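Student: Here's a structure for you.
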Amino acid sequence: RKLRFLEGNDPRMRTGLLELVPANQSSIDSSVQRNGKQIVSYAEIAAAHDKKKFEDKAEWFQMICRDRLRIEWNEGHMKIKIRRAHLLHDSIEAVMSLSPTDMRKIWRFEFLGEVAIDAGGLQREWFQLVTEQLFDPDMGLWLPSASNQMAMRINPASEISCPENHLIYFRFLGRVLGKAMFDGQIVAGHMVRHLYKHVLGWPITFEDLEIPDESYYNSLKSLIGMDNIADMCLDFTFLENDLGENRSVDLIENGSNIDVTNENLPLFLEVNMKYHMMERVKPQLNELLLGFFDVIPEPLLTVFDFQELELLMCGLPKIDIEDWKRHTDYKGQFERTGSDDRVVKWFWEIVTEEFDHEQRARLLQFSTGTSGVPSRGFSVLQSNDGKIRKFCIEGIKKEISLYPRSHTCFNRIDLPVYSSKNELREKLKVAIESSATGFDME
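Heads up: the sequence shown is residues -13 to 428, going by this note's numbering.
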């Protein structure tokens, strides 16, 4: 994605033009500047990018925010006063009145009518409560993705669900997410993978369509091998359903009058991807990013991949390994032996005894598409059809794949039948550490 910042009518609010462009046309500044002075150099960012562990990158990021970007207390600070019964209204009024400079000041919170001093607890509670409300599907701004109820996607019909000015909520949420990262706080909502990529400015791939809409992704993918696509009687449109009302959208100019053929199939797939990954929610995404970058300088984010960005925003999950093991199914080569299989035992020994919190979180991202764990545990993991589908380890022969591979829509890992624990450890680590670059895509 390419986001071009523009001056707005209100000096506190920039506007911007967002578009999806080829990767070679997108760029991000290589250093952080303020008032013409360099605050963070390219060399520092490059050195942080080379750090191997997520914790080291996160510590560097927080140090930069705390020591170089944050406005000192004696240069100005903010007191945010909120009525608990009007949490969202009061929070929007307060936060949207601030300038980007104010967003980097130290904030203190007061819930009116309550006797409490904000020593950090009220701040944590505010971020938790506000993001819970904004990501709640009943609010109408976000919807669960088709493949994972923990990964939220922008509601294309948010204007209908929230007609009083849905875009202000996205600008506000962008500022809240940015401020939470800036202050080292965590938020309550996990987003679908391609939205983290948009924040980072990473390339979007056709496979990113699978998580938000797995059935439509498969239907598009099935077209690739057809001999005569004209028999399908398709055109360059997409049928939107806005709260029960169907609406045909042209994917290109005059799309309803252009048939899909084998010759123009690549274009049909490309415009479908662009529409689903950005165009259908471009106004909302534009405001979300503008709000976020009111706080966080883009160059600082280049040290993270999209999985690390989710962990930075949402925190490392508390994973109950015993609950995970209890609610795991076994198929393929492991269907008969189950948890007693030698390779399965090695797998859980590595996860339990050798993996740290970050590696377990990345394994969860690799296998389910998000680091989020349902509040009731692994027993209520859902698949793309909304039904309970437990985590599954399917044993496969090494001739099929040398490395573990994932099927996030089904919460499943295909695990080759390795001959040694060392081989399993090596291949599993490579798979989960490389998945952010598309390693696990078939």
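From the three backbone atoms N, C-alpha and C, an ideal C-beta is built for every residue, glycine too.
Bear in mind that the values here come from a model prediction, so they are computed numbers and not experimental data.
Alpha carbon to alpha carbon, what distance is there between glutamate 61 and proline 198?
Tutor: Those two C-alpha atoms are separated by around 45 Å.
Student: Is alanine 9 buried or exposed, if buried means 16 or more other CB atoms sit within 10 Å of its CB?
Tutor: Per the 10 Å Cβ criterion, exposed.
Student: What are the boundary residues of the alpha helix (DSSP H) that asparagine 272 is part of?
Tutor: Counting along the chain, the alpha helix (DSSP H) containing asparagine 272 begins and ends at 268 to 278.
Student: Taking C-beta to C-beta, are serine 147 and glycine 160 nearer than 8 Å?
Tutor: It is not a contact, given that the beta carbons lie outside the stated cut-off.
Student: Rounded C-beta distance between tryptophan 128 and arginine 139? I'm assuming under 8 Å.
Tutor: Contact holds; Cβ gap of about 7 Å.
Student: Starting from glutamate 96, trace the alpha helix (DSSP H) both ways and give me its first and last residue.
Tutor: Run containing glutamate 96: none in the alpha helix (DSSP H); it sits in the beta strand (DSSP E), 92 to 97.
Student: If we call anything under 8 Å between Cβ atoms a contact, is alanine 71 one with phenylalanine 113?
Tutor: It is not a contact, given that the beta carbons lie outside the stated cut-off.
Student: Rounded to whole angstroms, how far is the Cβ of aspartate 180 from the Cβ of leucine 271, which I believe are closer than 8 Å?
Tutor: According to the sequence provided, residue 180 is histidine. The question's aspartate does not apply to it. Histidine 180 to leucine 271, Cβ: 10 Å. No contact.
Student: How about glutamate 296 and histidine 176: are their beta carbons less than 8 Å apart?
Tutor: It is a contact, given that the beta carbons lie within the stated cut-off.
Student: Do the CB positions of serine 353 and asparagine 397 come within less than 8 Å of each other?
Tutor: It is a contact, given that the beta carbons lie within the stated cut-off.
Student: With distances taken from CA atoms, which of Ser16, Glu(-7) and Lys(-12) is nearest threonine 288?
Tutor: Nearest C-alpha to threonine 288: Ser16.
Student: Take leucine 302 as the anchor and find which of Arg346, Gln11 and Arg391 has the nearest alpha-carbon.
Tutor: For leucine 302, the nearest C-alpha among the options comes from Arg346.
Student: To which residues does DSSP link cysteine 378 through a beta bridge?
Tutor: Per DSSP, Asp315 and Arg398.
Student: Given this structure, state the Cα-to-Cα distance separating tryptophan 59 from leucine 73, to the nearest angstrom.
Tutor: C-alpha separation (whole angstroms): 25 Å.
Student: Can you give the Cα-Cα distance for proline -3 and glycine 363, rounded to whole angstroms?
Tutor: So the two alpha carbons sit approximately 46 Å from each other.
Student: Would you call glutamate 339 buried or exposed, if buried means 16 or more other Cβ atoms sit within 10 Å of its Cβ?
Tutor: Counting Cβ neighbours within 10 Å, glutamate 339 comes out exposed, since fewer than 16 surround it.
Student: Mark lysine 384 as exposed unless 16 or more other C-beta atoms lie within 10 angstroms of its C-beta, in which case mark it buried.
Tutor: Lysine 384 comes out exposed.
Student: Taking its Cβ as the centre, do 16 or more other Cβ atoms sit within 10 Å of cysteine 219, making it buried, or is it exposed?
Tutor: Cysteine 219 comes out exposed.
Student: Taking the alpha-carbon positions, what's the serine 85 to glutamate 344 distance?
Tutor: Spanning the two alpha carbons is a distance of roughly 35 Å.
Student: Kindly list the residues whose CB is nearer than 8 Å to the CB of isoleucine 244, restricted to its own chain and excluding five residues on each side of it in sequence; keep chain order.
Tutor: Once the five neighbours on either side are set aside, the close Cβ partners of isoleucine 244 are Asp221, Phe222, Ile238 and Asn250.
Student: Along the chain, which unbroken stretches of the beta strand (DSSP E) at least 3 residues long are found entirely within the region 190 to 260?
Tutor: Segments of the beta strand (DSSP E) lying fully in the region 190 to 260: 223 to 228 and 231 to 236.
Student: Express the C-alpha separation of valine 329 and isoleucine 31 in angstroms, rounding to a whole number.
Tutor: The straight-line gap from Cα to Cα measures roughly 41 Å.
Student: Regarding valine 26 and the ligand HEM, is the C-beta to nearest heavy atom distance less than 7 Å?
Tutor: Among the ligands in the structure shown, none appear at all, so the ligand HEM cannot be discussed.
Student: Quick check: glycine 318 and isoleucine 399, are their CB atoms within less than 8 Å of each other?
Tutor: Against a cut-off of 8 Å, the Cβ pair of isoleucine 399 and glycine 318 comes out as no contact.
Student: For isoleucine 172, which option in Asp228, His152, Lys304 and Met299 has the closest C-alpha, if you only look at C-alpha atoms?
Tutor: When only C-alpha atoms are compared, the closest one is Met299.
Student: Please state whether DSSP places glutamate 111 in a helix, a strand or coil.
Tutor: Residue state, collapsed to three classes: helix.
Student: Can you give me the start and stop residues for the beta strand (DSSP E) that phenylalanine -9 sits inside?
Tutor: First-last of the beta strand (DSSP E) with phenylalanine -9: -12 to -8.
Student: Taking C-alpha atoms, which residue in Ile66, Pro360, His262 and Arg266 lies nearest to tryptophan 310?
Tutor: The shortest C-alpha separation from tryptophan 310 is found at Pro360.
Student: Express the C-alpha separation of aspartate 236 and serine 208 in angstroms, rounding to a whole number.
Tutor: Going from the Cα of serine 208 to the Cα of aspartate 236 covers about 21 Å.
Student: Can you list, in chain order, the residues of its chain with a C-beta nearer than 8 Å to that of phenylalanine 333? Leave out the 5 residues immediately preceding and following it.
Tutor: Excluding sequence neighbours, phenylalanine 333 sits near Ile379, Leu401, Leu410 and Leu414.
Student: Would you say tryptophan 46 and alanine 34 are within 8 Å of each other, going by their C-beta atoms?
Tutor: Contact flag set, yes.
Student: Tell whether a beta-carbon distance below 8 Å holds between arginine -13 and leucine 4.
Tutor: Against a cut-off of 8 Å, the Cβ pair of leucine 4 and arginine -13 comes out as a contact.
Student: Ignoring anything shorter than 4 residues, give me the alpha helix (DSSP H) runs that lie fully in the region 286 to 348, in order along the chain.
Tutor: Within the region 286 to 348, the complete alpha helix (DSSP H) runs of at least 4 residues are 292 to 300, 307 to 312 and 328 to 335.
Student: So what does DSSP say about glutamate 5, is it helix, strand or coil?
Tutor: Three-state result, glutamate 5: strand.
Student: Can you tell me which of the three DSSP states lysine 383 falls into?
Tutor: Reduced to three states, the DSSP call for lysine 383 is coil.
Student: Let me check understanding here. Comparing Cα to Cα, which of Gly170, Ile68 and Pro149 lies closest to arginine 90?
Tutor: The option with the nearest alpha carbon to arginine 90 is Gly170.
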